[in-house]
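Residue numbers (the working numbering): 840 to 1394.
Every residue gets a Cβ at the ideal spot worked out from N, C-alpha and C, and that includes glycine.
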């Protein structure tokens, strides 16, 4: 029999588990068969009531086998429950109450209630059935009161036990179904994870081992196209030469300016710069997040993070709403980790090239000092000797002018060689080297240079060297490019953290403007700061001077 229980005013009712439907049908017909056997085994001849009761049970069992009992909310459901109980009670009461051969038919309604909704409803049905038989039995029986009570208690307890057994079977089956459901759910998730890992493995195999940033970006873009169905794509990275600006390094299916401020970034991309994992926008229009393109309706935005720093954002979009699946989100999330690592490795390789260039610069400075510098100095001495022997005033004047030019060149070469060769060492700390450098700046320019420092301990030598080069570059920019008349340098360190600040009153510049004379110097300062884990902030505006602030936090 197929029985479906929903809800009933008697108690919350759920559907009978499918595994219990065949046993219910078998028990229903089994109680009919047992009743018939008990009636036939009686020494007394069969009465019309016994035959009628048997036929009623057979008819009802047949009906319920063909038409399963359906319980729901409302009066109709209550009536179905009462009919199920009433048929059995009527047959039992009509054929001898507790002494009826069909008394076991009372258990069907209790079993259904227990399987469907648990012990509470089963107890209500068992008590209702017991009272419906016991009350008329005690009013009509000729048995002694004690025997009658004993008989009613015996059958009442049996009916309650049937309800408890049904509840136990229901709970056991429910737990087994729950475990099976959990197992299937885990199996499904494992299958999805296996598919994702396979895709990421394929992706990792195709990502470049190159340390060239352009090759890394090109390969990342190609992989995005091959693994995901997209109509617009962009990769943006922070501008190394200016705070608050972003460079669009790659874009397809969209036209964006090469340089954007943070406020000019599309809202969805800007939100990704503050996120830790990939952000999905299934409906850009409904969510109010403009994407890369006005045609885009859905998008994924993955922050590129390496060494706990944001190094860029990958944005992919599609013209259809709800286009990207959770699997696509997981795939991009896994891809951003690999792509961020590849991009960061390429950036570090570029920085190592810069360090190598610095070492080569020191070597060249030494060669210039030993050869070219001495040669030009010798040329100046020779000019002095020749001028002393020349009697022609015109020729003497020209030679004297040439001698002054040579002296100026010698002076510039000496300053350049000094800047190239001077570095922090174990014996000469940051303060000593910077103080000597600033003294030379005071001597060669009209700028007012002040230096305030507060240091209780030295930093590790590699960190001091990079900070010295940052300070040197900032002061040179103020002197040579900004035409500053006042330069203030401050330095504070306790051996664990440090703050370097260079402020000038020069002409300043528009932050983020390409083509500045000092743009490469700013990029170099940022790369040096990043190489030691420091942060660099540059605040400038035309006519307002420039402030360079580098902060090294303890690791």
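In this structure, does DSSP put residue i in helix, strand or coil?
i, result
"residue 1333", "coil"
"residue 1361", "helix"
"residue 1377", "strand"
"residue 1137", "strand"
"residue 874", "helix"
"residue 935", "coil"
"residue 1072", "strand"
"residue 1327", "strand"
"residue 867", "helix"
"residue 1349", "coil"
"residue 862", "helix"
"residue 813", "Past the edges of the chain, shown from 840 to 1394, lies residue 813, and the structure says nothing about it."
"residue 1340", "strand"
"residue 1145", "strand"
"residue 975", "helix"
If you follow the beta strand (DSSP E) that residue i is part of, which residue opens it and which one closes it?
i, result
"residue 1084", "1084-1091"
"residue 1117", "Run containing residue 1117: none; DSSP gives neither H nor E here."
"residue 1157", "1148-1157"
"residue 1391", "1385-1391"
Span of the alpha helix (DSSP H) holding residue i?
i, result
"residue 1106", "1106-1111"
"residue 1055", "1052-1066"
"residue 1099", "Note, residue 1099: premise wrong, no alpha helix (DSSP H); beta strand (DSSP E) at 1098-1100."
"residue 905", "887-905"
Please look up how many angstroms separate the CB atoms of residue i and residue j, rounded, as I've assumed it's under 8 Å.
i, j, result
"residue 1117", "residue 1172", "4 Å"
"residue 1156", "residue 1071", "4 Å"
"residue 1343", "residue 1289", "Actually they do not touch by this definition, with Cβ atoms about 11 Å apart."
"residue 1245", "residue 1277", "Wrong, their Cβ atoms sit about 28 Å apart, outside the cutoff."
"residue 1109", "residue 1101", "7 Å"
"residue 1079", "residue 1305", "Between residue 1305 and residue 1079 the Cβ distance is about 15 Å, and since that is not below 8 Å, they are no contact."
"residue 1312", "residue 1364", "5 Å"
"residue 949", "residue 867", "Residue 949 to residue 867, Cβ: 12 Å. No contact."
"residue 1270", "residue 1294", "6 Å"
"residue 1272", "residue 1263", "5 Å"
"residue 1051", "residue 1181", "Contact flag wrong, Cβ pair sits at about 10 Å."
"residue 1136", "residue 1123", "6 Å"
"residue 926", "residue 897", "No, residue 926 and residue 897 are not in contact; Cβ-Cβ is about 12 Å, not under 8 Å."
One question on the structure: do residue i and residue j come within less than 8 Å of each other, judged by their Cβ atoms?
i, j, result
"residue 1393", "residue 1335", "yes"
"residue 1238", "residue 1229", "yes"
"residue 1107", "residue 1138", "yes"
"residue 924", "residue 942", "no"
"residue 1349", "residue 1381", "yes"
"residue 1178", "residue 1059", "yes"
"residue 1328", "residue 1314", "yes"
"residue 962", "residue 999", "yes"
"residue 971", "residue 995", "no"
"residue 878", "residue 940", "yes"
"residue 1093", "residue 1086", "no"
"residue 1063", "residue 1095", "no"
"residue 1369", "residue 1391", "no"
"residue 928", "residue 900", "no"
"residue 1002", "residue 944", "no"
"residue 1088", "residue 1067", "no"
"residue 1168", "residue 1119", "yes"
"residue 888", "residue 933", "yes"
"residue 1316", "residue 1360", "yes"
"residue 969", "residue 980", "no"
"residue 1282", "residue 1324", "no"
"residue 1121", "residue 1160", "yes"
"residue 1142", "residue 1176", "no"
"residue 1377", "residue 1362", "no"
"residue 1310", "residue 1345", "no"
"residue 937", "residue 991", "yes"
Within the region 1230-1315, ranges of the alpha helix (DSSP H) (whole runs, at least 4 residues): 1232-1260, 1269-1283 and 1300-1315
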